[in-house]
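From first to last, the protein sequence lines are chains A and B. Position in the first sequence (first residue = 1) + 747 = our numbering. Position in the second sequence (first residue = 1) + 747 = our numbering. This report refers to the structure that appears directly beneath it.
Number of protein chains: 2
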Amino acid sequence: MKSDLDLKARQMLKSARLYCTAGRVGVLKALLKADGALRQDQIAERLGKKRFDKVTIYRTLDSLVKVGLVHKAYIEERARYFELAHNCSETQCHPHFTCRNCGRTHCLMDMTIPGVKKRHKGFLIQRQQTRLEGLCPACA
Amino acid sequence: MKSDLDLKARQMLKSARLYCTAGRVGVLKALLKADGALRQDQIAERLGKKRFDKVTIYRTLDSLVKVGLVHKAYIEERARYFELAHNCSETQCHPHFTCRNCGRTHCLMDMTIPGVKKRHKGFLIQRQQTRLEGLCPACA
DNA sequence: CCTAATTTGCAACTAAGTTGCAAATATTTT
DNA sequence: AAAATATTTGCAACTTAGTTGCAAATTAGG
């Protein structure tokens with residue numbers, strides 16, 4: 748049962764020159780299916796019957812981040828969130844929005860953020876991430 | 748020995764209607780003196796001889812955040828950083844910059860970030876924070 | 001299918017932060 | 001200024017998230 752998704756994940760790994768293992772394919776598929784950022788435990792949960800150790804999942808995420816397939820999401824919570832690096836340009840990721848009322852966080856994939864200047868007093872700025880706060884549609 | 752700083756801290760607490768205790772004054776003074784964001788352990792260290800339990804420091808920071816005197820800094824590290832809410836407008840905090848080479852994080856107090864629009868598909872946006880990545884003056 | 005390189009799982013560990021509760025300290029009332 | 005009330009503090013124990021070292025298992029390449 749090699750789905751489209753499965754093939755896609757394998758291809759992504761291959762072109763990143765990463766060993767193509769069950770764990771990595773699974774993690775990548777989970778992120779491809781998700782419509783937002785996920786924590787390690789959420790990924791583990793979605794892997795369901797094929798259980799992987801949390802260490803494996805963390806290390807897999809590290810590799811995926813290292814080759815740029817995945818990003819750490821910029822969310823101020825205790826645990827780390829990871830998401831696919833799609834909808835992200837070289838210089839900017841999509842913003843995350845956290846509701847002040849219900850506390851839920853959403854990815855605003857289609858919102859464009861004005862880019863900052865590339866230099867500031869000797870700092871060379873290569874990438875920016877934005878976090879937003881306010882009221883979500885349900886709470887506004 | 749009530750310094751200027753001491754008085755200032757006490758005044759801030761009073762106007763926020765917080766009990767004015769040695770711990771709170773100390774934490775606030777540490778943040779007033781610091782030129783950037785600090786972690787709990789860094790604050791504890793700066794309190795020196797007047798030792799306070801870490802629980803107290805965490806709880807103090809919570810109260811200060813709750814009344815808006817202090818903000819959590821948006822830094823992607825394991826520990827949380829806190830900083831005074833000055834140089835921050837109602838809608839925006841100063842950005843934090845992390846160097847890809849040396850890993851150090853700096854507060855860019857004087858950099859202005861273009862503000863985003865106030866509404867997006869039902870989301871009411873009240874506040875934004877920006878994280879920057881690139882090379883710092885020392886590493887560029 | 002053999003070999004070398006890489007990844008995995010396990011168990012034990014660390015770091016950061018939290019909880020409940022009695023004692024201590026601040027503020028308000030009298 | 002003392003008593004009454006409200007809030008904060010310290011302690012010990014605990015939780016949660018993530019990390020390390022290492023032997024066994026898996027993958028990729030000839």
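Ideal placement from N, C-alpha and C gives every residue a C-beta, glycine not left out.
3 or more residues per run - each beta strand (DSSP E) lying fully within the stretch 795 to 839 of chain A: 817 to 819, 829 to 831
Interface flag, F844/A vs chain B, CB-CB below 7 Å: Within the first sequence, residue 844/A is the residue found at index 97, counting from 1. Closer than 7 Å: yes.
Residues that E880/A contacts on chain B, provided the C-beta gap is smaller than 9 Å: Walking along the first sequence from the start, residue 880/A turns up at place 133. Chain B residues near E880/A: I872, Q873, R874, Q875, Q876.
Proximity winner among Q839/A, R806/A, F870/A, L754/A, relative to V877/A (alpha-carbon distances): If you number the first sequence from 1, residue 877/A lands on position 130. According to the sequence displayed, residue 877/A carries Thr and not Val. Ranking Q839/A, R806/A, F870/A, L754/A by Cα distance to T877/A puts Q839/A first.
Minimum Cβ-Cβ distance from Y821/A to chain B less than 7 Å: As a working note, residue 821/A is residue 74 in the first sequence. Interface residue, yes.
Cβ neighbour criterion (16 or more within 10 Å) applied to L754/B: If you number the second sequence from 1, residue 754/B lands on position 7. Burial call: exposed.
Nearest residue (CA-CA) to D782/A, options M856/A, G773/A, R847/A, C767/A: For the purposes of this step, residue 782/A is taken as the residue at position 35 of the first sequence. Cα-wise, what sits closest to D782/A is M856/A.
Span of the beta strand (DSSP E) around L871/A: Position 124 of the first sequence, counted from the start, is the residue given in the question as residue 871/A. 870 to 882 is the span of the beta strand (DSSP E), which, as asked, contains L871/A.
C-alpha gap between K790/B and L831/B, whole angstroms: Within the second sequence, the letter at position 43 stands for residue 790/B. Within the second sequence, the letter at position 84 stands for residue 831/B. First, the amino acid is wrong: residue 790/B is Ile here, not Lys. Looking at the two C-alpha atoms, the distance is approximately 13 Å.
When Q787/B, K761/B, C767/B, K776/B are compared against S750/B, the one with the closest alpha-carbon: Within the second sequence, numbered from 1, the residue matching residue 750/B stands at position 3. The candidate whose alpha carbon is nearest that of S750/B is K776/B.
Interface residues of chain B facing H867/A [CB-CB closer than 7 Å]: What you label residue 867/A is simply residue 120 of the first sequence in a count that begins at 1. Those are L855, M858, listed as they occur along chain B.
Interface flag, A763/B vs chain A, CB-CB below 7 Å: Indexing the second sequence from 1 puts residue 763/B at position 16. Chain A, which has no Cβ nearer than 7 Å to the Cβ of A763/B, makes this no.
Start-to-end residues for the alpha helix (DSSP H) that takes in V774/B: The residue given as residue 774/B occupies position 27 in the second sequence. Residues 769 to 780.
Residues that C883/B contacts on chain A, provided the C-beta gap is smaller than 9 Å: Numbered from its first residue, the second sequence carries residue 883/B at position 136. Going along chain A in sequence order, the residues near C883/B (Cβ under 9 Å) are G869, F870, L871.
C-alpha distance - L794/B paired with K797/A, whole-angstrom precision: Here residue 794/B refers to the residue found at position 47 when the second sequence is read from its first residue. Here residue 797/A refers to the residue found at position 50 when the first sequence is read from its first residue. Rounded to whole angstroms, L794/B to K797/A spans 50 Å at the Cα level.
Exposure of Q875/B, with buried meaning 16 or more beta-carbon neighbours within 10 Å: Translated into positions along the second sequence, residue 875/B becomes position 128. With 16 or more Cβ atoms within 10 Å of its Cβ, Q875/B is classed as buried.
7 Å Cβ cutoff met for R771/A and T803/A: For the purposes of this step, residue 771/A is identified with residue 24 of the first sequence, where counting begins at 1. For the purposes of this step, residue 803/A is identified with residue 56 of the first sequence, where counting begins at 1. Result no, Cβ atoms of R771/A and T803/A do not sit closer than 7 Å.
For P884/A and G869/B, believed in contact at Cβ under 8 Å, the rounded distance: Taking the second sequence and counting its residues from 1, one reaches residue 869/B at position 122. Taking the first sequence and counting its residues from 1, one reaches residue 884/A at position 137. Confirmed, Cβ separation roughly 3 Å.
Nearest to L879/A (by Cα), restricted to the options H853/A, H867/A, R866/A, I872/A: Within the first sequence, numbered from 1, the residue matching residue 879/A stands at position 132. It is H853/A whose Cα lies nearest to the Cα of L879/A.
Short CB-CB distance (under 7 Å) between A791/B and chain A: Start at 1 with the first residue of the second sequence, and residue 791/B comes out as number 44. With 7 Å as the cut-off, A791/B does not count as an interface residue toward chain A.
Per-residue contacts from V814/B into chain A (C-beta, under 7 Å): Against the second sequence, residue 814/B aligns to sequence position 67. What V814/B touches in chain A: nothing, since even the nearest Cβ is about 15 Å away.
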